[in-house]
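Working notes for the structure below.
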Amino acid sequence: MTDPVGLGGLESTEVGSSALTDVRGTEGKLFYRGYEADELSRTRGWEETALLLWEGELPDSARREELRSRLERRRALLEPAAESVRSIPASATPMEALRSGLSLLGQGWDYPPTEEQYETILAFPPVFLSALQRHRQGKEPLRNEPPGLAQAAAYLWRLTGREPSEAARRALEAYLVLVADHGMNASTFVARCVLSTWSDAASAVSAAVGSLKGPLHGGAPSLVADFFDEVPSPERAGEFVDARLARGERLMGFGHRVYRGEDPRARRLHEIAREVADPRRLAVAEAVEREGLRALRERHPERPWGLNVEFYASLVMEGAGLPRELFPPTFALARTAGWVANLREQESRNQLVRPRVRYVGPAPRPVPPPAD
Ligand code: COA
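In the numbering used here, the protein residues as written are 19 to 390.
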């Protein structure tokens with residue numbers, strides 16, 4: 019019998035070492051450079067988290083302000099590039115559009131990436147995604163962002179032209195911090211593989227967006243919200259959960275490859291959702307959580323079940339006022355911090371990533387003569 023083909027999930031394969039993010043699956047903890055992400059999300063912003071990931075230490079206020087203002091300037095410079103939203107077909111999802119936008123942005127970029135290119139990757143998503151959303155609503159993109167905004171607030175402003183409420187801004191900021199990086203997940207691995215070939219940073223990050231798009235990785239938060247729509251009341255959550263599983267479908271927002279129980283980001287996002295989510299949606303979500311865990315434990319008692327980051331992320335993004343179609347690319351916007359950190363680390367000691375695969379096909383054989 020021949021061996022089954024496929025790469026498998028590489029669960030127990032360590033592909034190298036990294037000094038960035040420590041994902042402790044058994045303990046249910048996540049640390050960036052030694053600081054717990056949960057704690058950072060309470061007191062620090064996304065720009066500070068990005069600097070922590072890149073430089074290894076939390077920045078002082080001058081360094082944080084320097085990055086904030088550089089990104090602010092860069093967002094203004096990128097406004098013409100965001101005009102590319104006009105050429106994107108209406109049928110493309112925002113995640114597909116972002117993947118294409120990043121790819122266009124990087125024309126002429128080379129290896130090794132420059133500081134300016136890394137900064138451009140960070141500043142591009144809020145400008146591009148807001149322009150895309152407004153274009154699809156028949157509106158012009160907004161320019162002349164009020165001075166002094168950090169990335170989270172600038173993104174919300176660019177979508178609506180209004181300064182976000184403090185609650186919305188804080189919720190989004192905390193979400194961006196919580197998902198800024200996460201070990202050797204699929205999109206990060208993809209990004210590092212691309213850069214390892216001496217390709218450019220835009221190619222690496224557009225490939226990463228393509229990877230994040232899949233519902234087993236980052237495409238789930240809007241699907242979680244769709245499921246909450248289907249459940250008419252908390253009392254009926256069990257019935258809808260069971261029906262979904264009976265159809266052989268997965269429950270989005272449940273399960274994780276690394277965490278052997280609950281994802282620590284899910285706990286923190288639940289806390290934030292309690293502050294910003296619509297109370298009826300929150301009640302449905304909490305009932306889906308209860309019933310989902312019950313149903314999954316019944317079906318797979320051997321597996322340690324818990325929520326993952328996507329479950330309450332959907333309510334947090336909803337509460338921050340983001341439209342559902344922007345949930346997955348907002349994840350990408352946050353993750354640019356981690357992708358860039360990983361590309362910098364890759365670049366610091368680059369070697370072509372080129373694993374081997376065991377060949378299990380036919381043994382060498384002669385080509386038969388043509389039939390006629
Ligand atoms: N709902 C229903 N069944 C699930 C499930 C879920 N959320 N997650 C895993 N399973 C089942 C699989 O169907 C499989 O069952 P089988 O052995 O009978 O075929 C078994 O559990 C193992 O699945 P596998 O994909 O190998 O587990 P994993 O630990 O590698 O998966 C995820 C991790 C995140 C991909 C998985 O839990 C999942 O698909 N979750 C839903 C999507 C999601 O929330 N994505 C966001 C991730 S952050």
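Heads up, the beta-carbon is just placed ideally off N, CA and C, and yes, glycines get one too. Since the model is a prediction, treat every value here as computed from it, not as a measurement.
Item                                                                                                                                    : Value
Alpha-carbon to alpha-carbon, W64 and A170                                                                                              : 8 angstroms
When G256, P144, N360 are compared against L177, the one with the closest alpha-carbon                                                  : P144
Closest Cα partner of Y129 within the set G26, T31, A219, P347                                                                          : A219
Proximal residues to T194 (C-beta, below 6 angstroms), its chain only, five neighbours per side dropped                                 : Going by the sequence as given, residue 194 is Leu instead of Thr. Within the same chain, L194 has close Cβ partners W64, A170, A352.
Counted within 10 angstroms of its Cβ, other Cβ atoms place E307 as buried (16 or more) or exposed                                      : buried
P77 vs L70 beta-carbon contact at 9 angstroms                                                                                           : yes
Contacts around R262, its chain only, beta-carbon distance under 7 angstroms, and the 5 residues preceding and following it disregarded : L269
Contact under 9 angstroms by Cβ, L116 with V334                                                                                         : no
In DSSP terms, what T39 is bridged to                                                                                                   : Y50
First and last residue of the uninterrupted alpha helix (DSSP H) at W64                                                                 : 64-73
First and last residue of the uninterrupted alpha helix (DSSP H) at M113                                                                : 112-123
Cβ separation of A284 and V242, assumed to be a contact under 8 angstroms, to the nearest whole Å                                       : With a Cβ gap of about 11 angstroms, A284 and V242 do not count as contacting.
heavy atom of the ligand COA below 8 angstroms from V327 C-beta                                                                         : yes
Check: R321 C-beta below 8 angstroms from any heavy atom of the ligand COA                                                              : yes
From E57, T111, L85, I290, residue whose alpha carbon lies closest to that of E66                                                       : L85
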